[in-house]
Amino acid sequence: MTPEELKARLALYIAAEAAILGGSQEYQVGAGSTARRLTRADLGEVRAEIRSLTEQIVAATAAAGGGRRVTYIRPY
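Numbering of the sequence shown is given in my numbering, commencing with residue 143 and proceeding in unit increments.
Given below as structure tokens:
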């Protein structure tokens, strides 16, 4: 994937994280002792993917020559 594709995917995961934190990803079916609470997405998995995508973007950018270059100068 290109850095642009990775960034677009990262934006979707960040939006998913915001939705989870906003509470719109969890709902309850039924009432009383038979009620079931369902969660559409797992916050831990979303955050792990955000970290993974961030690392992939850094690596892809560096591989494309967009990374920073460090030069050491030693005086004689």
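Yeah, the Cβ is synthetic: ideal placement off N, Cα and C, and Gly gets one too.
Check whether T169 and L195 have beta carbons under 8 Å apart:
As written in the sequence, residue 169 is Tyr, which differs from the Thr given in the question. No. Outside cutoff.
Under a three-way DSSP split, which group does A189 fall into?
In the sequence as displayed, the identity of residue 189 is Arg instead of Ala. Residue state, collapsed to three classes: helix.
May I ask which residues mark the beginning and end of the alpha helix (DSSP H) holding R151?
P145 to L163
Looking at chain C, is there any beta carbon in it that lies within less than 8 Å of the beta carbon of P217?
Of the protein chains in the structure, only one exists, and it is not chain C.
Can you list, in chain order, the residues of its chain whose CB lies under 7 Å from that of K149, leaving out five sequence neighbours each side?
Hits under 7 Å: I199.
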